[in-house]
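These notes are about the structure you will find just below.
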Amino acid sequence: MQKFSYILIFLLILVSCEEIIDWDYEENPPLLMVVDGKITDQAKAHKIRLTKPVSELNDIPEPITGAEVSILFKQGNDTIENPLTEALDEPGTYLTDSSFQGITYKYYALQIKHEGYEFLAIDNLRESVPFETANIYTQADNGLYNVNFIYGAFANADAAIWYFNLDWSHLPDTVYAPNGTKKARLAFYSLPSIDVNGLFLSGYETVYFPAGTKIILEKYSISESYAEFLRTMLAETDWRGGVFDTYRANTFTNLSDGATGFFGACGYLADTVVVQP
Numbered sequence: 032m033q034k035f036s037y038i039l040i041f042l043l044i045l046v047s048c049e050e051i052i053d054w055d056y057e058e059n060p061p062l063l064m065v066v067d068g069k070i071t072d073q074a075k076a077h078k079i080r081l082t083k084p085v086s087e088l089n090d091i092p093e094p095i096t097g098a099e100v101s102i103l104f105k106q107g108n109d110t111i112e113n114p115l116t117e118a119l120d121e122p123g124t125y126l127t128d129s130s131f132q133g134i135t136y137k138y139y140a141l142q143i144k145h146e147g148y149e150f151l152a153i154d155n156l157r158e159s160v161p162f163e164t165a166n167i168y169t170q171a172d173n174g175l176y177n178v179n180f181i182y183g184a185f186a187n188a189d190a191a192i193w194y195f196n197l198d199w200s201h202l203p204d205t206v207y208a209p210n211g212t213k214k215a216r217l218a219f220y221s222l223p224s225i226d227v228n229g230l231f232l233s234g235y236e237t238v239y240f241p242a243g244t245k246i247i248l249e250k251y252s253i254s255e256s257y258a259e260f261l262r263t264m265l266a267e268t269d270w271r272g273g274v275f276d277t278y279r280a281n282t283f284t285n286l287s288d289g290a291t292g293f294f295g296a297c298g299y300l301a302d303t304v305v306v307q308p
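This note's numbering numbers the first residue of the sequence shown as 32 and each following residue consecutively.
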């Protein structure tokens, strides 16, 4: 009985010592904007796309219009500002002047001002290392050809985005034309890291093409942070190619709080190959 009394007194003490504690915690800032775009060392009009976030993969993102968008870089002690202009026929797409050309190894900042908010992203423009075009396609059992994605020049390449632009529209009408088309564009990524070879395809369908096809192979060399963005993006999605419309919470970004996506600065190289029988 005495033991029970001790237990009862102990419980009463615990109850009397209860105190309501208001925990302080930081909420993630609201996601206001998705940024998708890059500049290169080509002299051309470069595109930056601004949209509102969506919650479902198949939702169509709403373009963000009326933003003030600029690209900044240092030149000596001065900061040079290059304002972008919103495309009249494509709301939410902002263009540099057609003469704008990035410089290798220079850091570039994207500055966005919209409805009282300001967002910033920074990336370094990497040099694009030359690549070999031999053996980039192989003949299939059906007599047609397909891209040789496992070719060593790609699997062992530096971090880059690659595009195969295939065109055999100049060949006779009797030539192979699936779905009535004689063109295709394929994308893949070489994203080397410590634990994987980092070769990612942008789809699972094999595209066949005939001898005589013209292949324009484009390479965009990317920074380590751009590669990290793509790794996390590919890890979070069932990647089939296309525009990144939905961003998960843990996807890497170089945008300041309130925005996601990526602003990239890339070195660019391209070469043309004609498929020989």
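Built from N, CA and C at the ideal position, the CB exists for glycine as well.
Separation of residue j from residue i, as counted between CA atoms
i: Lys-170; j: Val-160; result: Correcting the residue type first, residue 170 is Gln in the shown sequence and not Lys. Going by the C-alpha atoms only, they are around 27 Å apart.
i: Lys-75; j: Asn-155; result: 18 Å
i: Ala-290; j: Ala-152; result: 10 Å
i: Ile-225; j: Leu-119; result: Unreliable positioning characterises Ile-225 in this predicted model, as indicated by a pLDDT of 48, which lies under 50. A coordinate reading is not provided.
i: Ala-301; j: Gly-295; result: 18 Å
i: Thr-110; j: Thr-263; result: 32 Å
i: Tyr-207; j: Thr-124; result: 36 Å
i: Lys-78; j: Thr-116; result: 10 Å
i: Asp-276; j: Pro-94; result: At Asp-276, the pLDDT of 42 sits below 50, so the modelled position is not reliable; the number obtained from the coordinates is stated separately. Between Asp-276 and Pro-94, the C-alpha separation is close to 11 Å.
i: Gln-73; j: Ile-143; result: 22 Å
i: Gly-292; j: Val-65; result: 5 Å
i: Leu-316; j: Phe-150; result: Here the chain has residues from 32 to 308 only, and residue 316 is not among them.
Start-to-end residues for the beta strand (DSSP E) that takes in residue i
i: Lys-137; result: Neither: Lys-137 is in no beta strand (DSSP E) and is coded neither H nor E.
i: Pro-114; result: 109-114
i: Leu-81; result: 78-82
i: Arg-216; result: 214-221
i: Ala-74; result: No beta strand (DSSP E) holds Ala-74; DSSP gives it neither H nor E.
i: Val-178; result: 176-178
i: Trp-193; result: 191-198
Spatial neighbours of residue i in its chain, beta-carbon cut-off 7 Å, leaving aside the 5 residues before and after
i: Leu-63; result: Tyr-148, Gly-289 and Ala-290
i: Gln-106; result: none
i: Pro-308; result: Ala-242
Beta-carbon proximity list for residue i, same chain, < 6 Å, skipping 5 on both sides
i: Val-304; result: Thr-164 and Ile-246
Beta carbon of residue i nearer than 8 Å to that of residue j
i: Val-238; j: Asn-179; result: no
i: Pro-114; j: Ser-129; result: no
i: Arg-216; j: Tyr-194; result: yes
i: Asn-285; j: Glu-249; result: no
Close-in-space but distant-in-sequence residues of the same chain around residue i (CB under 8 Å, 5 per side omitted)
i: Glu-57; result: At Glu-57, the pLDDT of 49 sits below 50, so the modelled position is not reliable; the number obtained from the coordinates is stated separately. The answer is none, since no qualifying residue turns up.
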